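Just below is one structure, and these are the notes that go with it.
In the UniProt record's numbering, the protein residues as written are 1 to 951.
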């Protein structure tokens with residue numbers, strides 16, 4: 001099949017064998033070396049990760065720039081293959097003797113029949129076919145290079161005509177196949193579909209192209225399909241022609257200029273969902289259509305209404321109409337991608353994602369404006385794109401349903417996660433994917449901070465200024481910050497010497513967050529504010545931490561004027577270590593810095609201010625005047641600062657006293673994490689039992705109240721809060737919980753065929769294995785050993801996890817270790833043993849028993865693990881790395897000396913363990929006496945005994 005393209009300066013037709021399609025040429029402004037290539041210049045930006053390391057940096061030379069594509073693609077459903085041809089019109093910007101294109105190694109290109117045509121400016125646009133010197137596929141790189149004998153002419157237009165073919169895969173990269181079944185009574189029918197997923201750089205898997213986001217050009221596409229299927233594409237079908245063998249060629253309207261990743265199609269027998277909101281002859285733009293399998297229509301009948309609601313909000317936010325005439329939303333059965341395919345005008349979701357609320361839909365619709373219509377220039381800018389999409393989608397969702405979908409957890413969930421991640425000695429565990437996610441989350445929180453401190457109106461106008469006149473173009477991060485700066489200066493929300501670029505740069509380019517410390521001078525009514533890197537993990541030996549400074553907005557609330565609606569900054573810390581706040585309230589009143597988590601940073605106070613806050617929170621009238629997010633922040637900051645060594649634990653515990661009366665789930669959410677962190681750290685000490693009694697004292701009233709007042713159809717947060725309270729009470733030895741669990745577990749033990757299935761809910765298993773009898777635990781062990789192949793393996797995995805991780809009795813742990821390690825029981829794989837080691841490292845009972853087992857059976861274990869280095873290394877790590885006291889250090893140190901030279905590949909592990917234990921020992925020596933004293937005073941004062949505590 002031949003595609004003939006005449007002079008691009010004229011209106012022309014493309015002949016594709018079966019039809020003639022009118023097409024308007026794209027006219028180049030000037031065919032000279034000064035051709036307007038500025039849009040393709042190397043653009044600078046705040047570079048979040050240099051480039052996205054998950055995307056190979058095979059950037060193409062800028063010698064040639066694509067102008068348009070004419071693509072024809074045909075699916076061979078029987079052979080699970082495709083073939084086609086592409087005509088790429090290019091303009092020569094720099095002198096070169098080669099054309100470089102992206103083409104994946106799996107793509108079969110017909111190199112012998114590549115044709116390159118040169119369109120000359122004179123002679124009525126005469127087309128000359130160039131002689132190709134050679135064609136190369138670059139080894140280990142997805143590149144196709146076409147070489148010529150002579151240099152191409154700058155300012156001249158060229159066209160590459162290339163045939164290709166490839167295979168269709170099941171994984172969602174490039175072009176893939178999916179399958180699903182439908183049921184009609186007793187009848188079952190099998191279905192197949194074909195779809196594309198080109199983000200971020202998978203278009204090259206399907207056809208040779210300039211597969212980079214900065215190249216935005218129109219596509220004219222024809223797709224050949226089996227007659228019984230329908231093809232949805234970025235644009236509408238403008239013509240269809242029946243071909244031989246029951247095939248149909250659909251030609252689609254030319255797209256606006258888009259990046260290759262925004263191109264997409266779905267070929268299936270899915271049908272359009274007709275909803276009650278549809279009206280005859282409706283002409284509202286865009287036309288929204290929902291596509292799903294027939295037996296799924298009822299589950300997505302309200303999706304069109306959600307889409308329209310979200311679109312209305314986004315149009316208002318951007319002050320720009322939706323830039324397409326149609327929008328197809330596809331609920332794709334068995335779609336395995338974690339993220340939807342947000343093609344231009346065609347968004348593909350997993351079925352389950354469309355059954356949720358508004359947020360997922362809003363996020364993908366934001367990408368239609370910012371992501372496809374306006375695209376990041378390179379993938380380093382995609383992080384900011386995603387952050388904007390996340391923030392705008394969250395704000396839209398909250399505006400629509402008043403926060404019901406989030407249950408108030410946004411932004412706290414992502415905020416707490418980055419607090420923990422960026423306070424580690426080695427953030428992201430040096431894993432690229434985690435770094436990208438946390439950096440994006442932090443940028444989203446920075447956007448929220450700017451929205452609050454500048455004001456929502458200024459922020460929105462700034463975003464509108466950014467998007468204005470940028471349609472079908474690209475952007476870099478600085479473009480967003482510059483637009484916000486201009487609007488902030490115009491509205492006088494930011495001093496003329498400051499820029500949002502500087503503020504954003506101080507946050508998004510560091511893998512850290514700051515901690516602000518407030519020292520009040522109660523005589524002068526002033527406060528000295530300092531900033532430093534927030535480090536939670538010990539030792540705090542991060543290089544160059546003293547040089548790290550941020551632009552930090554200081555929003556202040558004072559007790560004598562509890563106004564939490566004013567979120568503008570009283571003062572900015574402009575990358576300085578210290579500032580002074582003046583004219584503060586008197587010495588009897590507290591102050592709060594950074595209320596409502598306006599900025600993503602914790603705040604520490606002097607002891608007097610903390611105690612004023614603790615007393616105020618204990619009073620019901622006072623507590624109700626402090627908003628939920630701020631109550632949660634004060635509690636979260638106090639405990640984490642104490643854990644990091646910046647605050648006395650006595651002060652932190654004082655801040656928990658009001659929790660006896662607190663019933664809001666948002667305030668409780670961080671408490672469970674804090675209980676877990678502190679509990680694991682001190683569970684080797686004698687203080688742990690007293691801590692568990694205190695935990696039980698806090699949680700019992702909450703749980704019993706929730707248990708008594710539960711009802712069908714209650715809010716999800718109540719169910720979750722009850723479940724968390726019960727789980728932690730069980731861990732703390734709450735008698736009713738243990739007894740209930742044993743009662744349920746007995747039904748399984750009495751079952752005539754216990755291996756056929758597990759009738760016990762997961763929540764009951766751990767309490768039984770921890771506080772139940774040896775016989776109950778042994779019953780669970782036999783269920784793992786006799787686990788039938790026909791059952792779901794994840795059930796066995798969960799059982800094994802709880803068998804190892806829940807018991808506190810050394811007899812149970814030793815039984816499991818003898819069976820799996822020394823006896824080398826064939827029912828347990830190396831993965832099972834690794835899982836056991838990991839679970840035993842979760843608490844002192846586990847890792848102490850594992851250490852004793854290692855010490856007593858050293859020679860036998862060494863022999864067993866002679867050729868199993870991973871098991872040996874994981875054993876040494878789990879058995880020696882978690883001790884936190886001097887006693888633990890002495891035990892591990894003695895083993896190190898006794899077995900000097902015998903650790904093999906785990907030598908560096910044992911040495912690291914000793915270093916870490918020494919650091920944790922310092923923490924224990926400093927904090928355990930403080931914690932124990934506070935707990936003793938509390939328990940004695942309230943005359944609390946442990947009569948309901950099970951040892």
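No residue lacks a Cβ here, since even glycine has one placed at the ideal position from N, Cα and C.
Remember, it's a predicted structure, so these values are computed and weren't measured experimentally.
Practice task
Evaluate the contact criterion for the stretch 523-540 versus the stretch 576-583: three or more CB pairs, one atom per stretch, below 8 Å.
Solution key: yes
Exercise for the section: Using only alpha-carbon positions, find the residue among 604, 525 and 650 that is nearest to residue 588. Expected result: 525
Problem - Straight-line gap, residue 262 to residue 70 (C-alpha atoms, nearest Å) - result: 16 Å
Exercise for the section: Please report how far the alpha carbon of residue 26 lies from the alpha carbon of residue 595, in whole angstroms. Expected result: At residue 26 the pLDDT is 30, less than 50, meaning the model places this residue with poor confidence; the figure from the coordinates comes in the next sentence. About 54 Å.
Exercise for the section: Let me know if residue 305 comes out buried or exposed under the rule of 16 or more other beta-carbons within 10 Å of its beta-carbon. Expected result: exposed
Handout entry: For residue 361, three-class secondary structure by DSSP
Key = helix
Exercise for the section: Please confirm if the stretch 191-208 is in contact with the stretch 162-172, defined as three or more CB-CB distances below 8 Å between the two stretches. Expected result: yes
Practice task
Tell me whether residue 847 is buried or exposed, calling it buried when 16 or more other Cβ atoms sit within 10 Å of its Cβ.
Solution key: buried
Problem - Residue nearest to residue 662 in terms of C-alpha spacing, selected from 631, 677, 638 and 375 - result: 631
Practice task
Could you tell me the distance, in whole angstroms, from the CA atom of residue 439 to the CA atom of residue 602?
Solution key: 18 Å
Handout entry: residue 443, DSSP secondary structure in three states
Key = helix
Practice task
State the Cα-Cα distance for the pair residue 31 and residue 452, rounded to the nearest angstrom.
Solution key: Residue placement at residue 31 is poorly supported in this model, since its pLDDT is 31, which falls under 50; the coordinates are not used for a value here.
Exercise for the section: With DSSP as the reference, label residue 129 as helix, strand or coil. Expected result: strand
Handout entry: Residues bridged to residue 242 (per DSSP)
Key = 248
Problem - Check whether residue 441 and residue 467 have beta carbons under 8 Å apart - result: no
Practice task
Just the C-alpha distance for residue 345 and residue 257, rounded to the nearest angstrom, thanks.
Solution key: 13 Å
Handout entry: Closest by C-alpha distance to residue 143, when choosing among 336, 118 and 212
Key = 212
Problem - Rounded distance between the beta-carbons of residue 180 and residue 293, thought under 8 Å - result: 6 Å
Problem - Per-residue burial, residue 72 [other beta carbons within 10 Å of its own, 16 or more giving buried] - result: buried
Problem - Straight-line Cα distance separating residue 425 from residue 932 - result: 28 Å
Practice task
Compute the beta-carbon to beta-carbon distance between residue 813 and residue 849, rounded to the nearest angstrom, for a pair I have assumed lies under 8 Å.
Solution key: 4 Å
Exercise for the section: Output yes or no for whether 8 Å exceeds the beta carbon distance between residue 164 and residue 208. Expected result: yes
Handout entry: Separation of residue 651 from residue 937, as counted between CA atoms
Key = 13 Å
Handout entry: Extent of the continuous beta strand (DSSP E) run through residue 580
Key = 578-581
Problem - Any beta strand (DSSP E) of 3 or more consecutive residues that is wholly inside the stretch 503-591 - result: 514-521, 526-533, 551-554, 556-558, 571-574 and 578-581
Exercise for the section: Leaving aside the five residues before and after residue 878 along the sequence, list all residues of the same chain whose C-beta is less than 7 Å from its C-beta, in chain order. Expected result: 837, 838, 840, 841, 847 and 850
Exercise for the section: Pull up the DSSP beta-bridge partners for residue 119, would you. Expected result: 127 and 157
Exercise for the section: Measure the CB-CB distance between residue 654 and residue 611 and report whether it falls below 8 Å. Expected result: yes
Handout entry: Proximity test, residue 604 beta-carbon vs the ligand ATP heavy atom, cut-off 7 Å
Key = Of ligands this structure carries none, so the ligand ATP is not represented either.
Problem - Strand pairing of residue 198, partner residues [DSSP] - result: None, per the DSSP bridge assignment.
Exercise for the section: Could you work out which residue in 778, 786, 794 and 583 is closest to residue 815 when comparing CA atoms only? Expected result: 778
Exercise for the section: Enumerate, from N- to C-terminal direction, the unbroken beta strand (DSSP E) stretches of 3 or more residues contained entirely within the stretch 250-311. Expected result: 265-268 and 287-292
Exercise for the section: Could you tell me which uninterrupted alpha helix (DSSP H) segments, each at least 4 residues in length, are contained entirely in the stretch 630-711, listed from first to last along the chain? Expected result: 649-654, 665-682 and 687-708
Problem - residue 69: first and last residue of the uninterrupted alpha helix (DSSP H) it sits in - result: Counting along the chain, residue 69 falls outside any alpha helix (DSSP H), though it belongs to the beta strand (DSSP E) covering 64-76.
Problem - Best match in 77, 620, 709 and 818 for proximity to residue 176 [C-alpha to C-alpha] - result: 77
Handout entry: Cα-Cα separation between residue 939 and residue 660, rounded to whole angstroms
Key = 14 Å
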